[in-house]
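To start, the structure itself, in C-alpha cells.
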Amino acid sequence: MASISAFGKSGPLSHLQGFDLMGQALSGMMHLTGEADGAPQFTGSPISDCAAGLTLFGAIGHALFHRERTGDGQYIEVTLVDPLFAMHSIAVQGHSATNGEWKQKRSGRQFSIVVPSGTYKGPDGWIVLQVLEPQWSRLCA
Numbered sequence: 010m011a012s013i014s015a016f017g018k019s020g021p022l023s024h025l026q027g028f029d030l031m032g033q034a035l036s037g038m039m040h041l042t043g044e045a046d047g048a049p050q051f052t053g054s055p056i057s058d059c060a061a062g063l064t065l066f067g068a069i070g071h072a073l074f075h076r077e078r079t080g081d082g083q084y085i086e087v088t089l090v091d092p093l094f095a096m097h098s099i100a101v102q103g104h105s106a107t108n109g110e111w112k113q114k115r116s117g118r119q120f121s122i123v124v125p126s127g128t129y130k131g132p133d134g135w136i137v138l139q140v141l142e143p144q145w146s147r148l149c150a
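The following block contains the structure:
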C-alpha cells in the first residue's frame, strides 16, 4: 500500500489537511525563494505536489522489486514536505561543513553559491547564465 498525505499518518500535524504551498513553507523552500531583503515566496509551481508523486512512484518501484525478491510487501508513505528536504542539499551541506556558521539565504535571481549564476536582463530580454571557474576566462575574453 502507498499513500501521499500532507503531514503523514502520525505526528502533531497528521490530522490536518494540506496543500502544496504548506509543503513549500514547512520544508523551508519558500525561505530560500525570493529577493534577499524580501519576504519568502512561493516557487511559482506546485513542486511539493509533483515531487511527492515522483518520490512515491520511485518508492513503489523499489517496493515491488523488494517484494519480488523477498515476498514481503511494504507500506510506503510520502508527505508533501519529505521530497523537498532532499532539494536542500547545498543548504544542508554548507551548514554541516561549517558547523552551522554558514546558512543559505535568499538571493533573488542569482544563485548565491556560484557567481555569476542567475537571470540577467539584456538589451533584447532575459538570459540565464551560469559559469564555472574553468569557463570564466573564456567568458570574459
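Here the sequence shown is numbered in my numbering, starting from 10 and rising by one per residue.
The beta carbon of each residue, even a glycine, is placed where N, CA and C say it ideally should be.
N- and C-terminal bounds of the alpha helix (DSSP H) containing residue i
i, result
"GLY103", "98–106"
"LEU141", "Note, LEU141: premise wrong, no alpha helix (DSSP H); not H, not E."
"SER126", "SER126 -> not in any alpha helix (DSSP H); beta strand (DSSP E) instead, spanning 126–131."
"ALA60", "56–79"
"ALA34", "29–36"
Beta bridge counterpart(s) of residue i as assigned by DSSP
i, result
"ALA11", "ILE85"
"THR42", "Note: THR42 sits in no beta bridge, so no partner."
"GLN119", "GLY127"
"TRP135", "LYS130"
Residue i versus residue j - alpha carbon distance
i, j, result
"ILE136", "ARG76", "48 Å"
"SER146", "TYR129", "19 Å"
"LEU41", "HIS97", "9 Å"
"PRO49", "GLY43", "6 Å"
"GLY131", "ALA150", "18 Å"
"GLY82", "HIS71", "11 Å"
"TYR80", "LEU22", "The question names Tyr, yet the displayed sequence has Gly at residue 80. Cα-Cα distance, rounded: 33 Å."
Close Cβ partners of residue i (< 6 Å) along its chain, the five nearest in sequence each way excluded
i, result
"LEU35", "VAL90"
"TYR84", "MET10"
"LEU148", "VAL140"
CB of residue i within 8 Å of CB of residue j, strictly
i, j, result
"ILE99", "LEU65", "no"
"GLY117", "ALA45", "yes"
"HIS104", "LYS112", "yes"
"GLN33", "PHE51", "yes"
"ALA15", "MET38", "no"
"ILE56", "LEU93", "yes"
"LYS18", "GLU86", "yes"
Same chain only: Cβ atoms within 8 Å of residue i, ignoring 5 sequence neighbours per side
i, result
"ALA61", "ILE13, GLY32, VAL87, THR88, LEU89, ASP91, PRO92"
"ASP29", "PRO55, ILE56, SER57, ASP58, LEU89"
Same chain, Cβ closer than 7 Å to residue i, five either side skipped, listed in chain order
i, result
"GLN119", "SER126, GLY127"
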